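Following the numbering used here from start to finish, the sequence shown increments by one per residue and tops out at 257.
Ideal Cβ positions, reconstructed from N, Cα and C, are used throughout, including at glycine.
Note that the structure is a prediction, hence the values are computed from the model and not measured.
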Amino acid sequence: MAKLVDNPKLAFRLARAIVSDIALYNQEKVKEGIKNDSIFEVLTEELQEGRDHFFGRVSPDLDDRAHLYDRAIVDVMIKQAGKIESSIW
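This is how it looks when you write it as structure tokens:
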């Protein structure tokens, strides 16, 4: 079994990579979710699958690992969607 990530910087990079893949393979859902302010509802399954994968690769002893994944969602998916017209901007 592979060693679990226990470095916060590496864990955040992993989270960003996972969220980037989710955004890449679900571009229409991201656009719809931002446009309608329903991003978390539209991508519930994909984000949960990504979270499960992240938690499986990162040490449970790492402080704030859930926060790292949530921050990656905002940094990668939400901030980069600023060009999509939406009432939330």
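- In the DSSP assignment, Q216 falls within the unbroken alpha helix (DSSP H) covering 212 to 225.
- Here the alpha carbons of L230 and E214 stand approximately 23 Å from one another.
- Secondary structure note for P176: its alpha helix (DSSP H) is the uninterrupted segment 176 to 193.
- Closest option to G218, judged by alpha-carbon separation, among K171, S188, K177: S188.
- Boundaries of the alpha helix (DSSP H) harbouring A240: 233 to 240, taken from the DSSP string.
- Relative to A170, the option among A234, R225, I241, D238 whose CA is nearest is R225.
- By the beta-carbon neighbour count (other beta carbons within 10 angstroms, threshold 16), L211 is buried.
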